[in-house]
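Here the sequence shown stands for residues 28 to 706, where the numbers follow my numbering. Before any comments, here is the structure.
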Amino acid sequence: MSSGELDLLLLKGADTLAFIDAPSYKPTWSLQPSSSQSIPHRIHSGILLQTRSPVIRKLFEPRAQSRNIKRRGPLPDGIKYIIDLTPPSTEDDAVLFLTELSCPQGIMTWAGTRTRWDLPPACVAGKDPRPMAGEGQANSGLLQEYSPAQHRAGIVHLLQALDGTTPQLNTPCKLWTFFALAKLYEVATLPQISIPVLSWIYEGNNKRLIELHPEIAYRIAQGTQCGYLCWDAFAVLVGEEALLSLHQANLGVISPKKREATFHGRPRESLSDEELQRVEYASQAFMEHAIQRFISLVGTKMHWLSNLSSFQSILLYKIETPREYEVVSRLLSSVKDFVRGSIVATLDQLSITYLPKKFNVDDRGAYPTHAFMNVYNSMDCVECIMSRTFWKHLSEKKFSKYDGFKFLQKKYWDTSLATLGNHIGGFRDEENAVIRPVNDLELDHNILAFNRLPRHNNTHDGDSLRDGILTRFSLSYFLVEIQSFVSQYAGDMIRASRPAMTYELTDTLTCLTDNEFKYLPLWAGGNDDGTGGVFVDQDIPFLETGGFSAPGPSIHTDSTTPSLASFSIFSACTFSTVQRASHKATESHESDVLSLNSDAFSKAGVSDRPNHTSKSTASETDISDDSFTLGSSADDVEDFPFDDDSDSDDTVVMDHPDELDEFEELNLSDADDEENSSY
Numbered sequence: 028m029s030s031g032e033l034d035l036l037l038l039k040g041a042d043t044l045a046f047i048d049a050p051s052y053k054p055t056w057s058l059q060p061s062s063s064q065s066i067p068h069r070i071h072s073g074i075l076l077q078t079r080s081p082v083i084r085k086l087f088e089p090r091a092q093s094r095n096i097k098r099r100g101p102l103p104d105g106i107k108y109i110i111d112l113t114p115p116s117t118e119d120d121a122v123l124f125l126t127e128l129s130c131p132q133g134i135m136t137w138a139g140t141r142t143r144w145d146l147p148p149a150c151v152a153g154k155d156p157r158p159m160a161g162e163g164q165a166n167s168g169l170l171q172e173y174s175p176a177q178h179r180a181g182i183v184h185l186l187q188a189l190d191g192t193t194p195q196l197n198t199p200c201k202l203w204t205f206f207a208l209a210k211l212y213e214v215a216t217l218p219q220i221s222i223p224v225l226s227w228i229y230e231g232n233n234k235r236l237i238e239l240h241p242e243i244a245y246r247i248a249q250g251t252q253c254g255y256l257c258w259d260a261f262a263v264l265v266g267e268e269a270l271l272s273l274h275q276a277n278l279g280v281i282s283p284k285k286r287e288a289t290f291h292g293r294p295r296e297s298l299s300d301e302e303l304q305r306v307e308y309a310s311q312a313f314m315e316h317a318i319q320r321f322i323s324l325v326g327t328k329m330h331w332l333s334n335l336s337s338f339q340s341i342l343l344y345k346i347e348t349p350r351e352y353e354v355v356s357r358l359l360s361s362v363k364d365f366v367r368g369s370i371v372a373t374l375d376q377l378s379i380t381y382l383p384k385k386f387n388v389d390d391r392g393a394y395p396t397h398a399f400m401n402v403y404n405s406m407d408c409v410e411c412i413m414s415r416t417f418w419k420h421l422s423e424k425k426f427s428k429y430d431g432f433k434f435l436q437k438k439y440w441d442t443s444l445a446t447l448g449n450h451i452g453g454f455r456d457e458e459n460a461v462i463r464p465v466n467d468l469e470l471d472h473n474i475l476a477f478n479r480l481p482r483h484n485n486t487h488d489g490d491s492l493r494d495g496i497l498t499r500f501s502l503s504y505f506l507v508e509i510q511s512f513v514s515q516y517a518g519d520m521i522r523a524s525r526p527a528m529t530y531e532l533t534d535t536l537t538c539l540t541d542n543e544f545k546y547l548p549l550w551a552g553g554n555d556d557g558t559g560g561v562f563v564d565q566d567i568p569f570l571e572t573g574g575f576s577a578p579g580p581s582i583h584t585d586s587t588t589p590s591l592a593s594f595s596i597f598s599a600c601t602f603s604t605v606q607r608a609s610h611k612a613t614e615s616h617e618s619d620v621l622s623l624n625s626d627a628f629s630k631a632g633v634s635d636r637p638n639h640t641s642k643s644t645a646s647e648t649d650i651s652d653d654s655f656t657l658g659s660s661a662d663d664v665e666d667f668p669f670d671d672d673s674d675s676d677d678t679v680v681m682d683h684p685d686e687l688d689e690f691e692e693l694n695l696s697d698a699d700d701e702e703n704s705s706y
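Here you go:
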């Protein structure tokens, strides 16, 4: 049988004749076939009617049956029905089928990537049906977006699947045609249809389609109502959109209405306006989430440090004198600033975009290209937060006491985290999180001063334990603990939301939370019940990104087709607003607390809207340790009333001390002599 002919279905006990005529065939008012292409398929009506599809049910209505019998001839023995599944030729129906069955570009080119991505032959090694004579481009050898021959073959595959026989979907175009027809016949959600489709997508490396063509995967998830495929594709789309939104916010300029490619250069394919808006809403929430995760790690509070036993040795020290308060505050400030500077130095690290070694970039221009590998170096620091490359480096980072000075670029010295983040979103509240260089000499000096303090009501000496916690601060142990915590923390940012899914070709973050997935429909585990409430009740989006391009997906504007406006993001300069007031308006009235908040111990740097903090391409500058003094950010303590009550394990409450002055600059050798004289 030639590739232009169809497999003939002759099912045992069949009671229905199904005609799938070629365009050139004209019925002869006789059931006697005049050619091989006019032989009807014999199928079971019960199998089709059990689908409860209104489209299929309509084929069996008396009016349709009367018309078919009149055209095809009287029913033979054992046959109850005649249905006509010939591709429509009337204009309206033909346009609908042509639109739905036309293969997306990613489907048409997928088989050509078989060698590059090591795709399973069972999914891509087959041959698509060739057009028959008179169907156009019959001998061109070129793959068409829509093929009548592919259409007819897809109908046969659909009938096979509904009858319980697994269709041979050995090319991407066969898969798409099969899926699109199932959607048109309103049977795509049935297991007989969805299982072969999903099995094709998740077969071996074929699941790379989800990363390289997430719009296609998302459309298939919609049609089959497969929740996990929807999550996997949605995560890619949202991460890419979040990075683009952050990029626009960072630039502060009006973006084009249409973005044909992602930040990393992946060509974007079509989605309806409704789904694009769903992605936009989720991307705004995800951008906020990623920023907050970074701020939690290096921001003003850094609460996670209090869970480290080495850090608790500082927090639990019982302060009884102003001198002890001074020493403890110095060490807390140094340690926090050291950790912050070390992580910021990693954020600024020059690197190619991470890609597993088993994958290669394409010299022929197919994504990912060589340009993909250079994208990470082109990002501003704040944009790197949305990149898996940064979190990958952070998860593998080996902390040393030189990180907070030697590898921290001078341009960041004594700036704030708010400046680093261009005052976007949560970064606005981080003016007091100063990026201060801390060299190893400062660390060693402050640790030595702390460890020499007397241990009140403690009979143990040296590094002995008190309630399982070292009474002396160990820098080496502290480095081990922060490395362990940061590695796990960064690893969580790299991992996919769904553990069973792995992303290897996607650099943007995919660790979506329920706060992003809630925008999905109910069938996908989201909160969108069709009323639009999940979108209406949300906060106003960042004005730096211009908000959303349109109302939420369920707030219909009588348009479900893609448009240029679907990609629009406007500059903040086109808006005037007082929304999103600070959540810390009363922070100046907080109690004076010796805690993880570094406000009392570091000198905050406040600046106007900064220039972009892109990664430096200059060679690393050698800086002498002698150029740095301890007086750059520490605070002094004069006479003040105090008590030693503590309201928690990691907080020492001071009874309204007077304002602290800055320490005088210290010479390390003099400071050591002073410490020695105190013993």
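Positions of the beta carbon are idealized from the N, C-alpha and C atoms, including for glycine.
- Judged by beta-carbon spacing, Lys-428 lies within the 8 angstroms limit of Asp-467, meaning their Cβ atoms are closer than that value.
- Taking 8 angstroms as the upper bound for CB-CB distance, Ile-182 and Leu-146 are not in contact here, some 26 angstroms apart.
- The stretch 332-350 and the stretch 441-461 do not touch, with fewer than three beta-carbon pairs separated by less than 8 angstroms.
- Put simply, the stretch 87-96 does not touch the stretch 217-233. Fewer than three CB pairs are less than 8 angstroms apart.
- Separation of Ala-517 and Ile-412 (C-alpha to C-alpha, rounded to the nearest whole angstrom) is 11 angstroms.
- The continuous alpha helix (DSSP H) containing Tyr-308 extends over residues 300-325.
- Distance from the CA atom of Thr-216 to the CA atom of Ser-414, rounded to whole angstroms, is 35 angstroms.
- In the DSSP assignment, Tyr-108 falls within the unbroken beta strand (DSSP E) covering 108-111.
- Per DSSP, reduced to three states, the secondary structure at Ser-414 is strand.
- Counting the other CB atoms within 10 Å of its CB gives Asp-120 a total below 16, which places it among the exposed residues.
- Residue pairing for Phe-46: DSSP places it in a beta bridge opposite Asp-111.
- DSSP, read as helix, strand or coil, puts Pro-148 in helix.
- In the structure shown, Leu-37 falls within a strand segment according to DSSP collapsed to helix, strand and coil.
- Asp-534 counts as buried, since no fewer than 16 other beta carbons sit within 10 angstroms of its beta carbon.
- Burial check for Leu-35: the Cβ neighbour count within 10 Å stays below 16, so the residue is exposed.
- DSSP, read as helix, strand or coil, puts Asp-555 in strand.
- Taking 8 angstroms as the cut-off, the beta carbon of Ser-299 is found no closer than this to the beta carbon of Glu-242.
- The beta carbon of Gln-219 sits closer than 6 angstroms to those of Ala-188 and Leu-189, all from its chain and outside the five residues before and after it, given in chain order.
- When DSSP states are grouped into helix, strand and coil, Ser-443 belongs to the strand group.
- Annotation for Gly-553: Phe-544, Lys-545, Tyr-546, Leu-547 and Val-561 place their beta carbon closer than 8 angstroms to its own, counting only its chain and skipping 5 residues before and after.
- The beta-carbon separation of Val-409 and Leu-447, rounded to 7 angstroms, stays under the 8 angstroms limit for a contact.
- As the crow flies, the alpha-carbon of Ser-323 is around 6 angstroms from that of Met-329.
- Three or more Cβ pairs closer than 8 angstroms define a contact, and the stretch 194-206 meets that threshold against the stretch 170-186.
- By the CB criterion at 8 angstroms, Gly-231 and Leu-536 fall outside the cutoff.
- Taking the Cβ atoms as the reference, Val-122 lies roughly 18 angstroms from Glu-213, outside the contact range of under 8 angstroms.
- Looking from the CA of Val-507, the closest CA among Phe-338, Cys-257, Arg-525 and Thr-113 belongs to Phe-338.
- According to the DSSP secondary-structure assignment, Ala-288 is paired through a beta bridge with Pro-294.
- For the pair Pro-175 and Asp-259, the Cα-to-Cα distance works out to about 32 angstroms.
- The three-state reading of DSSP puts Asp-389 in strand, counting E and B together.
- Distance from the Cα of Lys-39 is smallest, within the candidate group His-68, Pro-50, Pro-131 and Asp-48, for His-68.
- In the DSSP assignment, no residue is bridged to Thr-529.
- In this structure, the alpha-carbon of Arg-479 lies about 11 angstroms from that of Val-355.
- About 4 angstroms separates the CB atoms of His-240 and Gly-133; that is less than 8 angstroms, so the two are in contact.
- Per the coordinates, the alpha-carbon of Leu-335 lies some 22 angstroms from the alpha-carbon of Lys-419.
- Membership of His-68 in the beta strand (DSSP E) is indicated by the continuous run 68-70.
- A straight line joining the alpha-carbon of Asp-48 with that of Trp-203 spans about 21 angstroms.
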